[in-house]
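For the sequence shown, my numbering gives the first residue as 2, with consecutive numbering after it. The beta-carbon is built from N, C-alpha and C at its ideal position, and this holds for glycine as well. Because the structure is a prediction, the values reported are computed rather than measured.
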Amino acid sequence: MLQKIRVTENGARLDRYLAERLPEHSRSYIRKLLDEGRATLDGKPLKPSSKTISGSQVMLDVPKPELTEVKPQAIPLDIVYEDDAIIVVNKPQGMVVHPAAGHRDGTLVNALLQHCEGRLSDLNGVIRPGIVHRIDKDTSGLLLVVKDNRVHATISDRIRRHEIKRTYQAIVHGHVTAARGTIDAPIGRDPQQRQRMAVIAGGKPAISYFTTLQAGDKASWLEIELETGRTHQIRVHTRYIGHPIVGDPLYAGGRPSYGLEGQALHACRLSFVHPLSGDQLTLESPVPESFKKIAERLL
2 MLQKIRVTEN GARLDRYLAE RLPEHSRSYI RKLLDEGRAT LDGKPLKPSS KTISGSQVML
62 DVPKPELTEV KPQAIPLDIV YEDDAIIVVN KPQGMVVHPA AGHRDGTLVN ALLQHCEGRL
122 SDLNGVIRPG IVHRIDKDTS GLLLVVKDNR VHATISDRIR RHEIKRTYQA IVHGHVTAAR
182 GTIDAPIGRD PQQRQRMAVI AGGKPAISYF TTLQAGDKAS WLEIELETGR THQIRVHTRY
242 IGHPIVGDPL YAGGRPSYGL EGQALHACRL SFVHPLSGDQ LTLESPVPES FKKIAERLL
């Protein structure tokens with residue numbers, strides 16, 4: 002389906018501009034379309050980094066979506082908090098957040114639709130109802146979901162302004178000598194391997210703060226707080242400092258996984274002001290058993 006987008010802003014990155022203009026599509030999907038050459042100006046393909054020209058008309062070829070409906074499924078949920086506005090769930094490792102190619106059902110969204118009886122915000126479209134942020138399939142832990150569009154807009158704005166504190170725990174390869182530290186390194190698409198992200202010049206600003214909870218010869222246990230929320234940020238930043246996450250299939254560089262299926266990364270804490278009541282909420286989730294077993298083995 003060919004869409005015509007009249008540009009009203011000068012000098013913005015095209016992928017960001019289109020993602021804002023087309024909220025029914027995720028930014029990663031917009032970038033994918035641009036990488037495939039599906040956006041043109043005067044017949045010439047545009048790149049994700051192309052700058053917008055006010056008054057121009059961009060033609061975007063959006064393939065007809067293969068999935069137009071997500072069915073509720075009776076999948077058990079570990080609910081940490083719920084009220085009429087929001088729900089916070091503890092996502093298990095291995096569960097995909099929303100349907101996509103290769104994952105048509107069995108996702109967190111399928112379970113949420115059943116539990117909430119369809120009462121979820123729809124600002125992110127049919128495939129991602131209620132979803133305001135994501136964690137990777139093989140990352141476990143806390144995820145904030147919203148039930149109506151007004152709350153969705155508020156939470157999204159707070160995420161952009163870094164007002165929602167997200168804390169993770171990870172087991173990384175090697176002995177981390179620093180008791181604490183800041184990783185301030187920009188992240189962008191890895192030019193050598195497009196399915197990965199990397200620290201690159203000209204990437205998006207990305208800042209992570211870490212505290213070393215325990216350090217052994219083979220591995221270390223870190224607590225990491227995000228200031229920004231870039232794709233794969235913790236996985237990229239820990240690799241950048243020479244301590245990739247144990248079990249990470251993309252970023253651990255062939256190091257032993259010690260039997261883990263996926264990275265030893267857990268979203269352990271969410272802290273934020275409730276969008277309606279104004280109450281300060283701090284919600285926590287203990288690390289899963291698989292995480293503890295790896296820690297006992299390596300530390």
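Would the stretch 69-82 count as touching the stretch 102-119 if we require 3 or more Cβ pairs under 8 Å? yes
Closer than 7 Å by C-beta to Gly254: which residues in its own chain qualify, once you throw out the five before and the five after it? Chain order, please. For the purposes of this step, residue 254 is taken as residue 253 along the sequence shown, with counting starting at 1. Around Gly254: Pro245.
Grab me the residues of Arg270's own chain with a C-beta within less than 6 Å of its C-beta, minus the 5 sequence neighbours each way, in chain order. Residue mapping note: residue 270 aligns to position 269 of the sequence shown, counting from 1. Same-chain partners within the cutoff: Thr168, Glu285.
Taking contact to mean 3 or more Cβ pairs, one atom from each stretch, closer than 8 Å, check whether the stretch 199-208 and the stretch 172-189 are in contact. yes
Can you tell me where the beta strand (DSSP E) holding Asp62 begins and where it ends? What you label residue 62 is simply residue 61 of the sequence shown in a count that begins at 1. From DSSP, the beta strand (DSSP E) with Asp62 extends over 58-62.
Taking Ala171 and Ile225 to be in contact with their CB atoms under 8 Å, please state how far apart those CB atoms are, rounded to whole angstroms. Stepping through the sequence shown from its first residue, residue 171 is reached at position 170. Stepping through the sequence shown from its first residue, residue 225 is reached at position 224. With a Cβ gap of about 6 Å, Ala171 and Ile225 count as contacting.
Please classify Ala220 as buried or exposed, where buried requires at least 16 neighbouring CB atoms within 10 angstroms. Residue 220 sits at position 219 when you count from the first residue of the sequence shown. Flag for Ala220 reads buried.
Would His275 pass as a contact of Leu266 if the rule is Cβ separation under 7 Å? Numbered from its first residue, the sequence shown carries residue 275 at position 274. Numbered from its first residue, the sequence shown carries residue 266 at position 265. Result no, Cβ atoms of His275 and Leu266 do not sit closer than 7 Å.
For the structure I just gave you, are there three or more beta carbon pairs, one from the stretch 143-151 and one from the stretch 81-94, closer than 8 Å? Taking 8 Å as the limit for Cβ pairs, the verdict is that the stretch 81-94 does touch the stretch 143-151.
Tell me the start and end of each unbroken alpha helix (DSSP H) in the stretch 141-226 that is at least 4 residues and wholly inside, in chain order. 150-161
Grab me the residues of Ser57's own chain with a C-beta within less than 7 Å of its C-beta, minus the 5 sequence neighbours each way, in chain order. Along the sequence shown, one-based indexing puts residue 57 at 56. For Ser57, where only same-chain residues beyond five positions count, the Cβ hits under 7 Å are Val8, Leu42.
C-beta atoms of His99 and Arg129 nearer than 7 Å: Counting from 1 along the sequence shown, the entry for residue 99 is found at position 98. Counting from 1 along the sequence shown, the entry for residue 129 is found at position 128. Taking 7 Å as the Cβ cut-off, His99 and Arg129 qualify as a contacting pair.
Extent of the continuous alpha helix (DSSP H) to which Ile87 belongs: Counting from one through the sequence shown, the residue named residue 87 turns up at place 86. Looking at the DSSP string, Ile87 is not in any alpha helix (DSSP H); the run it does join, the beta strand (DSSP E), is 87-92.
State the beta-bridge partners of Ser272 as determined by DSSP. Against the sequence shown, residue 272 aligns to sequence position 271. Ser272 pairs with Lys166, Thr283.
Starting from Tyr82, follow its DSSP beta bridges and name the residues at the other end. Taking the first residue of the sequence shown as position 1, residue 82 is located at position 81. Val89, per the DSSP bridge assignment.
What distance in whole Å lies between the Cβ atoms of Arg240 and Tyr252, which are believed to be in contact at a cut-off of 8 Å? On the sequence shown, residue 252 is found 251 positions in, with the first residue counted as 1. On the sequence shown, residue 240 is found 239 positions in, with the first residue counted as 1. That pair is a contact at about 4 Å.
Give me the Cα-Cα distance between Lys5 and Arg22, rounded to the nearest whole angstrom. As a working note, residue 5 is residue 4 in the sequence shown. As a working note, residue 22 is residue 21 in the sequence shown. Distance between the alpha carbons of Lys5 and Arg22: 11 Å.
Starting from Thr239 and walking both ways along the beta strand (DSSP E), at which residues does that stretch end? The residue given as residue 239 occupies position 238 in the sequence shown. It is not in any beta strand (DSSP E) - Thr239 instead sits in the alpha helix (DSSP H) that spans 234-241.
Return the first residue and the last residue of the alpha helix (DSSP H) that Leu19 is part of. Taking the sequence shown and counting its residues from 1, the one referred to as residue 19 is at position 18. From DSSP, the alpha helix (DSSP H) with Leu19 extends over 15-22.
Range covered by the beta strand (DSSP E) that runs through Thr4: Here residue 4 refers to the residue found at position 3 when the sequence shown is read from its first residue. At residue 4 the sequence reads Gln, which differs from the Thr that was named. Residues 3-7.
Roughly how far, in whole angstroms, is the beta-carbon of Ser157 from the beta-carbon of Val133, given that I think they are within contact range, below 8 Å? Sequence index remark: in the sequence shown, residue 157 carries index 156 (1-based). Sequence index remark: in the sequence shown, residue 133 carries index 132 (1-based). Cβ atoms of Ser157 and Val133 come within 8 Å of each other, at about 6 Å.
Start and end of the alpha helix (DSSP H) containing Ala40? For the purposes of this step, residue 40 is identified with residue 39 of the sequence shown, where counting begins at 1. Counting along the chain, Ala40 falls outside any alpha helix (DSSP H), though it belongs to the beta strand (DSSP E) covering 40-42.
Helix, strand or coil for Ala75 per DSSP? Residue numbering aside, residue 75 sits at position 74 when the sequence shown is read from its first letter. When secondary structure is reduced to three states using DSSP, Ala75 falls in the coil class, being assigned neither helix nor strand.
For Ile80, does the count of other Cβ atoms within 10 angstroms reach 16, so buried, or fall short, so exposed? In the sequence shown, residue 80 corresponds to position 79, counting from 1. So Ile80 counts as exposed.
For Leu299, which option in His176, His26, Ala86, Ala180 has the closest C-alpha, if you only look at C-alpha atoms? Position 298 of the sequence shown holds residue 299. Ranking His176, His26, Ala86, Ala180 by Cα distance to Leu299 puts His176 first.
Ordered along the chain, which non-local residues of its own chain (more than five positions away) have a Cβ less than 6 Å from that of Asp149? Position 148 of the sequence shown, counted from the start, is the residue given in the question as residue 149. If we look at Asp149 and ignore the five residues flanking it on each side, its Cβ neighbours are Ser122.
In whole angstroms, what is the alpha-carbon distance linking Lys166 and Gly44? The residue you call residue 166 lines up with position 165 of the sequence shown. The residue you call residue 44 lines up with position 43 of the sequence shown. About 44 Å.
Residue nearest to Tyr137 in terms of C-alpha spacing, selected from Glu290, Glu262, Ala296, Glu10: Your numbering for residue 137 matches position 136 in the sequence shown. Sequence inspection shows Asp at residue 137; the Tyr mentioned does not correspond to that position. If we check each option's Cα against that of Asp137, Glu262 comes out closest.
I'd like the span of the alpha helix (DSSP H) that includes Ala101, first residue to last. Counting from 1 along the sequence shown, the entry for residue 101 is found at position 100. Annotation: Ala101 is outside any alpha helix (DSSP H) and is labelled neither H nor E by DSSP.
Exposed or buried, which one is Gln234 when buried takes at least 16 other CB atoms within 10 Å? Taking the first residue of the sequence shown as 1, we reach residue 234 at position 233. By the 10 Å Cβ count, Gln234 comes out buried.
Three-state secondary structure assigned by DSSP to His244: Within the sequence shown, the letter at position 243 stands for residue 244. Reduced to three states, the DSSP call for His244 is coil.
How would you write the range of the alpha helix (DSSP H) that Arg28 sits in, first residue to last? In the sequence shown, counting from the first residue as 1, residue 28 sits at position 27. Per DSSP, Arg28 belongs to the alpha helix (DSSP H) from 28-36.
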